[in-house]
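538 is the number of the first residue of the sequence shown in the working numbering; add one for each residue after it.
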Amino acid sequence: MKHEEVFKIEISVGSELVAKHEMKAYDVIDVIEKLAHTYLDNDKERFDEK
538 MKHEEVFKIE
548 ISVGSELVAK
558 HEMKAYDVID
568 VIEKLAHTYL
578 DNDKERFDEK
């Protein structure tokens, strides 16, 4: 049985912090999939508005 853990993710560009996430996931691959889904959905909505 898999257990969810809380992952803390900070995304920086240079020395500037641009995003901070805290999410429950089973492993690092799950974290990456959730982040990709979050950011790709935001891009799709932004392009759909144009």
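The beta carbon of each residue, even a glycine, is placed where N, CA and C say it ideally should be.
In this structure, the CA atom of Glu559 is about 18 Å from the CA atom of Val550.
Looking only at Ser552, Glu553, Tyr576, Lys561, the smallest Cα-Cα distance to Val543 is reached by Lys561. Under the three-state reduction of DSSP output, His540 falls in the coil class, being neither helix nor strand. Ala556 places its beta carbon less than 8 Å from that of Ile548.
Contact annotation: Lys545 and Tyr563 have beta-carbon atoms that are not nearer than 8 Å.
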